[in-house]
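Worksheet: the structure to be examined is printed underneath.
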Amino acid sequence: MKELLKAVHNKLDGSGLWSSLGGRVYFDHAPQGTVFPYCVYYLINDKYEYQFDSEFQEVVLQFNIFDQSSSALNILSYYDDLRDVMDWSSLSITGYDCIKVEPEWANIEWLEEEEAWICRTQYRVLQEKQ
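With this note's numbering, letter number 120 in the sequence shown gets 123, and the count goes up by one each step, no holes.
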């Protein structure tokens with residue numbers, strides 16, 4: 004799992020999303036007081052499958068992008084940046100061959116209490132152990 008998370012970080016580092024968010028891309032949680040906009044990604048689940056002499060791992064990752072702009076245009080732009088870097092991409096995962104990074108679903112909504120937009124996006128990563 005550690006190698007997959009490193010691969011995701013390396014994929015995001017220096018991307019258009021990374022630049023648009025000023026490098027405020029975090030695993031698991033954002034530090035208290037983080038300035039908007041920012042992104043937090045984390046592991047939803049991880050499942051192993053075995054077929055004959057192959058071992059596969061299927062992982063679901065979720066990315067949450069937060070923004071306090073009054074308009075949804077910025078969050079839509081950040082979502083496009085995420086899609087540019089992640090949709091159907093490949094990851095360099097030590098010890099694994101990345102088969103696919105498949106977008107699962109996304110939604111964008113206004114969080115009234117936080118006065119912020121959130122874009123939630125999930126990806127399914129399928130990798131085969133070398």
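The beta carbon of each residue, even a glycine, is placed where N, CA and C say it ideally should be.
- Listed in chain order, the beta strand (DSSP E) runs fully inside the stretch 4-60 are 28-30 and 41-54, counting runs of at least 3 residues.
- Between residue 130 and the set 84, 24, 90 and 59, the nearest pair of CA atoms involves 59.
- The beta carbon of residue 99 sits closer than 8 Å to those of 6, 7, 60, 130, 131, 132 and 133, all from its chain and outside the five residues before and after it, given in chain order.
- Under DSSP, residue 110 takes part in a beta bridge, and its partners are 123.
- Nearest in C-alpha terms to residue 123, of all of 104, 66 and 88, is 66.
- The three-state secondary structure of residue 68, taken from DSSP, is strand.
- Under the Cβ criterion (8 Å, minimum of three pairs), the stretch 35-42 does not count as touching the stretch 95-110.
- The C-beta separation of residue 64 from residue 11 comes to about 7 Å, placing the pair in contact by the 8 Å criterion.
- Remark: C-beta atoms of residue 106 and residue 87 do not approach each other more closely than 8 Å.
- The C-beta distance from residue 20 to residue 70 rounds to 12 Å, too long to meet the 8 Å contact threshold.
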